[in-house]
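Numbering (my numbering), first residue to last: 2 to 388.
For reference, the structure discussed in these notes is given below.
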């Protein structure tokens, strides 16, 4: 009998709080008695993880008994549930072989129904997988990431408690939120996905993918020591949190908007991380000069047939829009509308960057819509030049 079955069986009896605590402690005692001894464990399994969880379960049992003796029924019940939880996770560790921890090597079970129990089980497996990866690789996660993982573990415990109270809808939602953040944490640590596409619920896939993208963008270890990178990582976490909240508010349009903004920030962070990981000998100035010269060369090639020189303005966007503006002035039959679109795109893009730096997400969302609209107008106008 697994953890879910024990909780459900006791819940159906509808006992008083004291009786429930007594029965839960008895269930924990039975589970501890049934748990394999360390000398019975097969070689090659995660015995150290199992040992830790087994000790925590035993301590929870002892504290639960002591609390019950003092008539602290609420604490006793909480310790009994905690002990069963630790033991369940320990047994899952015991069944997991050591080895490569990529998503392709450690497949999670597929649950066609996608019910509450399945989602909680996925979260349990995700927490175990994160810890296994950390210990297998000998990693020391950043303090902020440890705190984020602690919240995920608390989500698991909250989901279990709501499941025990037969509030399956709340338990499912809490487990889902925990699983999305677990994907983010795993991507930060391993720069990889945790759930294979077959295990991702279709309606939640955009959130899973964004969590993975955001985590991978901040996975470069050197980013943890750079203030500018930490600011972007913090922004990404805010975008993810806002996207998750929008999903559970049934505001899919807002969710998509936060994901779009987050993708922009993730792209900027990825470029910044690449520059940190692979600096040029002369530092950032040489890097910028090299990037500028490459852009100038690209624009020169693109405009060579028209005899247009590369735009002299500083900054990628200014340089690019200047080149586009000159092409439009020369070749567009009716350039006014296209030129307005270029000016609006340049202006709104600058305002968008400022809004994102100031974390004015509502304003950034509005400006992003405007930029996308101007971009579509500009693309249609450019097509007229090639007809």
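Positions of the beta carbon are idealized from the N, C-alpha and C atoms, including for glycine.
Keep in mind that this is a model prediction, so the values were computed, not measured.
Judged by pairs of C-beta atoms under 8 angstroms, the stretch 203-210 does not touch the stretch 161-172, as fewer than three such pairs exist. Nearest Cα to residue 130 within the set 171, 95, 221, 148: 95. At the C-beta level, residue 71 and residue 135 stay beyond 8 angstroms of one another. Between residue 369 and residue 210, the gap from beta carbon to beta carbon reaches 8 angstroms or more. Buried is the label assigned to residue 120, since at least 16 other Cβ atoms lie within 10 Å of its Cβ. The C-alpha of residue 332 lies about 16 angstroms from the C-alpha of residue 341. Taken atom to atom, the span from the alpha-carbon of residue 246 to that of residue 222 is near 29 angstroms. For residue 202, there is no enclosing alpha helix (DSSP H), as DSSP gives it neither H nor E. Our two residues, residue 338 and residue 259, have alpha carbons roughly 30 angstroms apart in a direct line. Taking 8 angstroms as the upper bound for CB-CB distance, residue 22 and residue 74 are in contact here, some 5 angstroms apart.
Measuring C-alpha to C-alpha distances from residue 188 to each of 176, 174, 218, 177 identifies 218 as the nearest. Here DSSP, grouped into helix, strand and coil, assigns residue 268 to helix.
In terms of CA proximity to residue 349, 365 leads the group 25, 166, 365.
Assigned with DSSP and collapsed to three states, residue 72 falls in coil, not helix or strand. Contact between residue 186 and residue 216 holds: their C-beta atoms lie close to 7 angstroms from each other, under 8 angstroms. The beta-carbon distance between residue 229 and residue 273, rounded to whole angstroms, is 7 angstroms. This is short enough to meet the 8 angstroms contact definition. The three-state secondary structure of residue 129, taken from DSSP, is helix.
Here residue 212 is not near residue 242, since their CB atoms are 8 angstroms or more apart. A Cβ-Cβ distance of about 4 angstroms is found for the pair residue 192 and residue 220, placing them in contact under the 8 angstroms criterion. Taking C-beta separations shorter than 6 angstroms and ignoring five residues to either side along the sequence, the partners of residue 236 in its chain run 266, following chain order. Exclusion of the five residues before and after residue 54 leaves 87, 88, 90, 91, 94 as the residues of its chain whose Cβ lies within less than 7 angstroms of its Cβ.
The three-state secondary structure of residue 370, taken from DSSP, is helix. The Cβ neighbour count for residue 176, taken over all protein chains shown within 10 Å, is at least 16; the residue is labelled buried.
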